[in-house]
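Please read the structure below before turning to the comments.
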Amino acid sequence: MEDEGRPLLSSQYTGETYSNRGSTDSLDCKVKRPFHVEPRNIVDDDPQKRISAEAAILNSRVHYYGRLTASSDMLLSPPNHVIPLNEELYVYSPLGTAFKVPDGDSASKNPSIVTIFAIWNTMMGTSILSIPWGIKQSGFTLGIIILILTGLLMLYCCYIVIKSPKAIPNEDTSSWEFPDVCRFYFGKTGQWSSLLFSMVSLIGAMVVYWVLMSNFLYNTGQGIQNFVHNISTSDSEFGTNGSDRVICPFPKTNPEGNDTTCTLRLSSVGNSSDPGAFERYWSKTHTVPLYLIVLLLPLLCFRSASFFARFTFFGTISVVYLIVLVTIKAVRLGFHLEFHWLDTSQFYVPEFRQFFPNFTGILTLAFFIHNCIITLMKSNKNQDNNVRDLSVAYLLVGLTYLYVGVLIFAAFPSPPLYKDCIEPNFLDNFPSSDVLVFVARFLLLFQMITVYPLLGYLVRVQIMGQLFGNHYPR
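474 is the number that UniProt numbering gives the last residue of the sequence shown; the numbers go up by one with no jumps.
Okay, here's the thing in structure tokens:
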């Protein structure tokens with residue numbers, strides 16, 4: 001009998017309590033319990049969006065039912081599982097217009113300039129150090145042609161990648177990664193194959209970066225140790241004389257193979273040190289790689305892609321310094337070029353060489369960002385500018401490679417040195433006592449530290465997204 005007198009719309013709610021929901025002025029979706037309009041009912045009609053007639057009727061119906069109970073009663077409110085995501089929140093006016101509510105992540109979106117330089121810095125890596133060697137392998141003229149054509153080809157392929165999710169009809173691809181696109185077109189085989197090759201390239205790059213960072217960190221510490229304890233290095237390699245010295249670490253001056261070597265001379269002036277203790281705690285293979293864990297592990301734990309994009313933006317400082325260093329060296333050394341189209345002279349290489357595949361291999365990796373470009377572009381504030389920003393980033397990368405490669409190759413002093421003396425890492429063609437080169441090595445270490453967390457983030461979101469369906473499973 002008591003049940004018959006109970007009202008149909010009871011103010012008592014047996015489930016979740018709403019007493020501590022917070023202020024009604026908040027945009028929290030659980031406070032407002034908003035009416036959810038599916039994305040297909042949002043009519044994109046510039047200059048403002050509108051909702052479809054079906055959604056407008058449903059919206060009015062929900063408002064009608066909402067008047068049946070007091071404002072404090074949550075009985076007729078949508079349950080938790082139908083609450084829209086933050087990026088799907090709209091405010092609807094009685095006239096049917098829809099205004100998107102900015103979510104928490106919108107404030108962390110990056111402007112185009114940050115996105116461009118993040119792509120530029122991520123693609124750079126250490127490939128920029130090998131561009132002069134690649135031009136030497138293929139020849140000056142052929143090397144420039146290969147660099148331009150390879151850059152255009154890689155840009156077109158990357159353009160296809162970022163356009164592929166939007167080309168899929170009747171699917172919400174806003175959270176898709178590159179393996180998801182491959183799954184749509186090629187099935188499970190394409191999905192897992194793309195993930196496998198993506199992980200091979202990313203994890204391989206992380207391993208190479210770790211080795212190079214250990215090397216740069218070790219050399220930086222060794223240089224500081226030499227300076228503090230007055231340890232001087234006598235550069236006896238075959239090279240030029242003068243203040244801007246260029247060396248050939250492995251010259252072919254003796255057919256019998258008795259090449260000159262570098263000798264180390266210690267001068268003990270005043271301070272005595274224990275080199276054994278320093279070597280014990282500063283070893284290139286045993287201790288320095290472990291020190292990097294303390295530095296990089298906290299950076300690998302950040303969840304925001306926008307943070308990584310801003311972080312890598314600071315890494316462009318090292319690339320800018322490297323460009324300045326190349327410019328200074330080129331001005332001081334001058335240009336040393338002779339054009340021999342097919343024949344090899346004593347000091348120069350021909351303009352077209354049969355070793356050009358070495359350069360194409362370097363460039364395909366130097367311009368490669370395809371497996372993570374979708375993830376990087378998600379943090380771009382204006383998604384309509386993705387193609388433009390990608391093209392500008394590739395243009396900057398290509399011009400940087402071309403500038404560094406051409407200047408180092410042209411300024412390499414031949415004679416007395418041979419163009420074949422250009423090393424795969426052109427910094428090795430300068431003595432260790434060169435202060436500008438020492439600073440360049442330190443800044444390259446800084447650049448790798450800024451890029452490494454981004455590579456780890458890309459590995460994490462791709463693996464977690466494919467295995468658990470969520471970038472951060474709980």
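We put the beta carbon where it would ideally sit given N, CA and C, even for glycine.
Bear in mind that the values here come from a model prediction, so they are computed numbers and not experimental data.
Straight-line CA distance for valine 133 to threonine 400? Numbered from 1 along the sequence shown, position 133 holds the residue referred to as residue 133. Numbered from 1 along the sequence shown, position 400 holds the residue referred to as residue 400. In the sequence on display, residue 133 carries tryptophan and not valine. Answer to the nearest angstrom: the Cα atoms are 15 Å apart.
Whole-angstrom C-beta distance between phenylalanine 409 and residue 560, which should lie under 8 Å: Past the edges of the chain, shown from 1 to 474, lies residue 560, and the structure says nothing about it.
Out of curiosity, what's the CA-to-CA distance linking leucine 129 and phenylalanine 186? Mapped onto the sequence shown, residue 129 falls at position 129. Mapped onto the sequence shown, residue 186 falls at position 186. The alpha-carbon atoms of leucine 129 and phenylalanine 186 are separated by roughly 37 Å.
Exposed or buried, which one is proline 416 when buried takes at least 16 other CB atoms within 10 Å? In the sequence shown, the residue the question calls residue 416 occupies position 416. Exposed.
For the alpha helix (DSSP H) holding tyrosine 348, just list the boundary residues, first then last. Counting from one through the sequence shown, the residue named residue 348 turns up at place 348. Unbroken run through tyrosine 348: none, as it is neither H nor E.
Methionine 377 and asparagine 371: beta carbons closer than 8 Å? By one-based count along the sequence shown, residue 377 stands at place 377. By one-based count along the sequence shown, residue 371 stands at place 371. No, Cβ-Cβ distance for methionine 377 and asparagine 371 is not below 8 Å.
In the segment 176-257, which residue ranges form an unbroken beta strand (DSSP E) of at least 3 residues, counting only runs that do not cross its ends? Whole beta strand (DSSP E) segments, 3+ residues: 231-234.
Cut-off 8 Å between Cβ atoms - residues of its own chain near phenylalanine 197, not counting five sequence neighbours on either side: Counted from its first residue, the sequence shown places residue 197 at position 197. Within the same chain, phenylalanine 197 has close Cβ partners Asn371.
Can you list, in chain order, the residues of its chain with a C-beta nearer than 6 Å to that of tryptophan 176? Leave out the 5 residues immediately preceding and following it. Position 176 of the sequence shown holds residue 176. Beyond the five residues adjoining it in sequence on each side, tryptophan 176 comes within less than 6 Å, by CB distance, of Pro165 in the same chain, given in chain order.
The segment 317-328 touching the segment 441-461, judged by at least three CB pairs closer than 8 Å: Cβ pair count under 8 Å is three or more, so yes.
Roughly how many angstroms lie between the CA atoms of valine 437 and leucine 325, to the nearest whole one? For the purposes of this step, residue 437 is taken as the residue at position 437 of the sequence shown. For the purposes of this step, residue 325 is taken as the residue at position 325 of the sequence shown. Cα-Cα distance, rounded: 8 Å.
Tell me the DSSP secondary structure of asparagine 371 in three-state form. Against the sequence shown, residue 371 aligns to sequence position 371. Asparagine 371: coil per DSSP, three-state reduction.
Let me know the secondary structure DSSP gives asparagine 385 once reduced to three states. Mapped onto the sequence shown, residue 385 falls at position 385. DSSP places asparagine 385 in the helix class (H, G or I) of the three-state scheme.
For phenylalanine 356 and leucine 142, believed in contact at Cβ under 8 Å, the rounded distance: By 1-based counting over the sequence shown, the position of residue 142 is 142. By 1-based counting over the sequence shown, the position of residue 356 is 356. Taking a contact as a CB-CB distance under 8 Å, the pair leucine 142 and phenylalanine 356 counts as one, their CB atoms being some 6 Å apart.
Using the Cβ count rule (16 or more neighbours within 10 Å means buried), how would you classify serine 174? In the sequence shown, the residue the question calls residue 174 occupies position 174. If you draw a 10 Å sphere on the C-beta of serine 174, you find fewer than 16 other C-beta atoms in it, and that means exposed.
The alpha helix (DSSP H) enclosing glycine 334, as first and last residue numbers: Locating residue 334 in the sequence shown gives position 334, where the first residue counts as 1. First-last for glycine 334: undefined, no H or E at that position.
Residue burial classification, alanine 366 (beta-carbon count within 10 angstroms, cutoff 16): Here residue 366 refers to the residue found at position 366 of the sequence shown. With a threshold of 16 other beta carbon atoms within 10 Å, alanine 366 meets it and is buried.
Among residues of its own chain, excluding the 5 on either side of lysine 381, which ones have a beta-carbon nearer than 7 Å to its beta-carbon? The residue labelled residue 381 in the question sits at position 381 within the sequence shown. So the qualifying residues of the chain are Lys109, Asn110, Pro111.
Please state whether DSSP places asparagine 380 in a helix, a strand or coil. Here the question's residue 380 lines up with position 380 in the sequence shown. Shown here, asparagine 380 sits in a strand according to DSSP, grouped into three states.
Verify the CB distance criterion: does serine 432 have a CB-CB separation below 8 Å to chain B? In the structure shown, chain B cannot be found, because there is only a single protein chain.
Suppose the cutoff is 6 Å on Cβ atoms and the five residues either side in sequence are ignored; what does the same chain contact list for tyrosine 209 look like? Numbered from 1 along the sequence shown, position 209 holds the residue referred to as residue 209. Correct list, in chain order: Met448, Tyr452.
Determine the direct distance from the alpha carbon of threonine 327 to that of aspartate 259, and round the result to whole angstroms. Sequence index remark: in the sequence shown, residue 259 carries index 259 (1-based). Sequence index remark: in the sequence shown, residue 327 carries index 327 (1-based). Because the pLDDT at aspartate 259 is just 41, under 50, the model does not fix this residue reliably, and the value given afterwards should be weighed accordingly. Spanning the two alpha carbons is a distance of roughly 31 Å.
Do you know whose CA, among Leu467, Tyr218, Arg460, Gly465, lies nearest leucine 202's CA? For the purposes of this step, residue 202 is taken as residue 202 along the sequence shown, with counting starting at 1. Among Leu467, Tyr218, Arg460, Gly465, the Cα nearest to that of leucine 202 belongs to Arg460.
What residues in its chain sit with their C-beta under 6 Å from that of serine 272, if we drop five residues either side in the sequence? What you label residue 272 is simply residue 272 of the sequence shown in a count that begins at 1. Because serine 272 carries a pLDDT of 43, less than 50, the predicted location of this residue cannot be relied on, and the following value inherits that uncertainty. If we look at serine 272 and ignore the five residues flanking it on each side, it has no Cβ neighbours.
Take the Cβ of arginine 183 as the centre, count every other Cβ of all protein chains shown within 10 Å, and call the residue buried at 16 or more, exposed below. If you number the sequence shown from 1, residue 183 lands on position 183. With 16 or more Cβ atoms within 10 Å of its Cβ, arginine 183 is classed as buried.
Short of 6 Å in beta carbon distance, which residues of its chain neighbour serine 243, apart from the five on each side in sequence? Order them along the chain. Stepping through the sequence shown from its first residue, residue 243 is reached at position 243. The answer is none, since no qualifying residue turns up.
Only counting the same chain, and skipping five residues up and downstream in sequence, which positions put a Cβ closer than 7 Å to that of threonine 375? As a position in the sequence shown, residue 375 is number 375, starting the count at 1. By the criterion of a C-beta distance shorter than 7 Å, threonine 375 is surrounded in its chain by Glu177, Ala305, Leu458, Val461, once the five residues flanking it on both sides are discounted.
Tell me the rounded alpha-carbon separation between glycine 139 and arginine 280. Translated into the one-based positions of the sequence shown, residue 139 becomes position 139. Translated into the one-based positions of the sequence shown, residue 280 becomes position 280. C-alpha separation (whole angstroms): 45 Å.
Compute the Euclidean distance between the alpha carbons of methionine 464 and leucine 454, then round it to the nearest angstrom. Here the question's residue 464 lines up with position 464 in the sequence shown. Here the question's residue 454 lines up with position 454 in the sequence shown. Approximately 15 Å between the Cα atoms of the pair.
Tell me, which residues are paired with asparagine 170 by DSSP? Residue 170 sits at position 170 when you count from the first residue of the sequence shown. The secondary-structure analysis by DSSP pairs asparagine 170 with nothing; it has no beta-bridge partner.
Expressed to the nearest angstrom, what Euclidean distance is found between the alpha-carbon atoms of asparagine 226 and asparagine 241? In the sequence shown, the residue the question calls residue 226 occupies position 226. In the sequence shown, the residue the question calls residue 241 occupies position 241. Straight-line Cα distance between these residues: approximately 23 Å.
Quick check on the DSSP output: the alpha helix (DSSP H) that includes phenylalanine 442 runs from which residue to which? For the purposes of this step, residue 442 is identified with residue 442 of the sequence shown, where counting begins at 1. For phenylalanine 442, the enclosing alpha helix (DSSP H) has its first and last residue at 435-468.
Taking valine 392 and isoleucine 116 to be in contact with their CB atoms under 8 Å, please state how far apart those CB atoms are, rounded to whole angstroms. Start at 1 with the first residue of the sequence shown, and residue 392 comes out as number 392. Start at 1 with the first residue of the sequence shown, and residue 116 comes out as number 116. A Cβ-Cβ separation of about 5 Å places valine 392 in contact with isoleucine 116 under the 8 Å criterion.
Assuming threonine 122 contacts isoleucine 369 (C-beta within less than 8 Å), just tell me the rounded distance between them. Position 122 of the sequence shown, counted from the first residue, corresponds to residue 122. Position 369 of the sequence shown, counted from the first residue, corresponds to residue 369. The beta carbons of threonine 122 and isoleucine 369 sit about 6 Å from each other, so the pair counts as a contact at 8 Å.
One question on the structure: do valine 161 and isoleucine 293 come within less than 8 Å of each other, judged by their Cβ atoms? Counted from its first residue, the sequence shown places residue 161 at position 161. Counted from its first residue, the sequence shown places residue 293 at position 293. Not a contact, by the Cβ cut-off of 8 Å.
If I'm right that cysteine 158 touches leucine 390 with Cβ under 8 Å, what's the distance once you round it to whole angstroms? The sequence position of residue 158 within the sequence shown is 158, counting from 1. The sequence position of residue 390 within the sequence shown is 390, counting from 1. Going by Cβ atoms, the distance from cysteine 158 to leucine 390 rounds to 6 Å, so yes, they are a contact pair.
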